[in-house]
């Protein structure tokens with residue numbers, strides 16, 4: 044093994060070590076974010092003390108290598124949500140893609156107000172849909188679908 048190969052092997056080892064450290068740090072940040080969300084979860088109670096669920100609409104844009112379909116996006120989002128928060132919280136949050144414009148790659152996600160931060164976190168860590176690398180960008184969170192549609196008209 045000559046000196047060039049030795050340097051190359053050392054560079055590869057160093058880059059893999061840096062990648063490992065960054066992945067551990069990002070996992071720690073996501074788990075810390077989940078803890079913060081659970082602590083500061085806002086609840087609105089009615090007279091009997093029961094939480095009244097309300098709907099929130101999240102307008103988002105997705106930037107990918109290749110255009111993605113609504114079904115592909117739903118599958119990736121569902122798998123990622125269940126992986127980080129579990130299936131029980133997924134069903135409590137009941138996220139639904141209200142509509143998704145495949146030509147502009149923008150859409151609206153409906154979720155319970157108690158789990159809005161969970162959905163935003165999952166959109167933030169969504170990095171791949173099927174075989175294409177993607178970045179989901181939450182644009183605005185609204186209380187009505189009409190306001191979200193107005194926001195998406197600008198894009």
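Numbering (our numbering), first residue to last: 44 to 198. Idealized CB from N, CA, C, for every residue including glycine.
{"Asked": "Residue ranges of each beta strand (DSSP E) within the segment 95–131, 3 or longer", "Found": "98–107"}
{"Asked": "Secondary structure of residue 152, DSSP reduced to three states", "Found": "strand"}
{"Asked": "Residue 169, DSSP secondary structure in three states", "Found": "coil"}
{"Asked": "Bounding residues of the alpha helix (DSSP H) (the contiguous stretch that carries residue 195)", "Found": "188–196"}
{"Asked": "8 Å contact criterion, which residue 102 and residue 165 should meet: CB distance rounded", "Found": "In fact, because the Cβ distance is near 15 Å, the residues do not count as touching under 8 Å."}
{"Asked": "Cβ contact (3+ pairs, closer than 8 Å) linking the segment 132–139 and the segment 152–160", "Found": "yes"}
{"Asked": "Beta-bridge pairing of residue 178 - partner residues as DSSP gives them", "Found": "106"}
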